[in-house]
Amino acid sequence: MSRTVYVNGDYVAEEEAKVSIFDRGFLFADGIYEVSSVLDGKLIDNAGHMARLGRSLSELKMARPCSDDELLTIQKELIKRNNLSEGVVYMQITRGAADRDFNFPKDATPSLIMFTQEKNILNSPNAAKGLAVVTLPDIRWHRRDIKTVQLLASSLAKQTAKDMGADDAWLVEDGFITEGTSNNAFIVTDDGQIITRQLSNDILHGITRKAVLKCAEAAGLTLIERPFTPEEAYEAREAFSTSASAFVMPVVKIDDHILGNGVPGPVTQKLRELYIAEAKAAAV
Ligand code: PDD
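Residue numbers (the numbering used here): 2 to 285.
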């Protein structure tokens, strides 16, 4: 069935949606994006995604196409028009269309597109069985804190993981895991400590990561934000990743190492439950 999508002021059928071949998102990956999940037709953690969108725009000195309230109105209208109960709303802003030139155009109008995707997030089979991940070199640029649409390195890593028979990749730089291809990476040590890399330009500042850390703290769990190595991860009792599109996702195998009993562990499952409860309660 054809979706209704949003393109620069218009709600149109997906087949009708068009952007210019001169759009800088297309030519230079000069654009940013956000993905907000939807449960029961309501947006999850959306204020956090909006705040990060604002930060990405300002880091790239990119104009804002409209206010946060207007963005929310479009998100909600798309959820309604597409009758979306569970899935995601994707939002992308680029610097706009201008004749090809590395320097920023003086008068380009930012381009805004949004669309919905249905997705089984709560009862995803992967959440029940856990993921197998492989470690691969992190070849991305050095501003991973900005959520840009230049996702080729992540796409290549995910495809390599798939070709190797795994579900995803955790990326490694200077001997330490940075994050997953499209998620933040966590391990739970033998003595129950939850470890995830600290915030810096090396990783995306995940909105789900932040909310899950808050849940862990409220549950009295020990959190440590520091880099960890693949070798530490192999020895971990549990591991998981976090993202808006998968929430808390158990990881049960890293390279050739099976963690624990090879099934999602209790800390991971607890955090998934706590996060889902919190997220639903605060949904808009
Ligand atoms: N990815 N790290 C990277 C590299 C990501 O692309 C993402 C999100 C995250 C998790 O961030 P958040 O919890 O705010 O979703 C971490 C989205 C879901 C995507 O590209 O589809």
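Yeah, the Cβ is synthetic: ideal placement off N, Cα and C, and Gly gets one too.
Model, not experiment: these values are computed from the prediction.
Contact under 8 angstroms by Cβ, residue i with residue j
i	j	result
VAL285	LYS43	yes
THR136	PRO111	no
ILE122	ALA212	no
ALA186	ILE195	no
ILE204	GLY49	no
PRO251	LEU132	yes
LEU79	VAL89	no
THR223	PHE241	no
ASN202	ARG145	yes
THR182	LYS215	no
Beta-carbon proximity list for residue i, same chain, < 6 angstroms, skipping 5 on both sides
i	result
ALA154	ILE140, ARG141
VAL6	GLU15, ALA18, PHE116
Bounding residues of the beta strand (DSSP E) (the contiguous stretch that carries residue i)
i	result
PHE177	177-181
ASN185	185-189
LEU137	132-138
LEU272	It is not in any beta strand (DSSP E) - LEU272 instead sits in the alpha helix (DSSP H) that spans 267-282.
Residue i: CB within 7 angstroms of a non-hydrogen atom of the ligand NAD
i	result
GLU180	The model depicted lacks the ligand NAD and carries the ligand PDD instead.
N-terminal and C-terminal residue of the alpha helix (DSSP H) that residue i is part of
i	result
LEU72	69-82
ASP24	Taken as a continuous stretch (DSSP letters only), ASP24 belongs to no alpha helix (DSSP H), as it is neither H nor E.
ASP164	153-164
MET250	Per DSSP, MET250 belongs to no alpha helix (DSSP H); it is in the beta strand (DSSP E), 248-255.
MET51	47-60
ALA219	208-219
Residues near residue i by beta carbon distance below 7 angstroms, same chain, minus five either side
i	result
ALA237	ILE188, VAL189, THR190, LEU260
PRO66	ILE94, PRO111, LEU113
GLU35	HIS50, ARG53, LEU54, MET92, LYS148
Neighbourhood of residue i by C-beta distance below 8 angstroms, restricted to the same chain and skipping five residues each side
i	result
LYS62	PHE105
SER37	LEU44, ILE45, ASP46, ASN47, HIS50, GLN76, VAL89, VAL90, MET92, ALA245
Evaluate the contact criterion for the stretch 25-40 versus the stretch 89-105: three or more CB pairs, one atom per stretch, below 8 angstroms. Yes: at least three Cβ pairs fall under 8 angstroms.
Okay, do the stretch 161-180 and the stretch 225-234 touch, 3+ Cβ pairs below 8 angstroms being the bar? Counting Cβ pairs under 8 angstroms, three or more are found: they touch.
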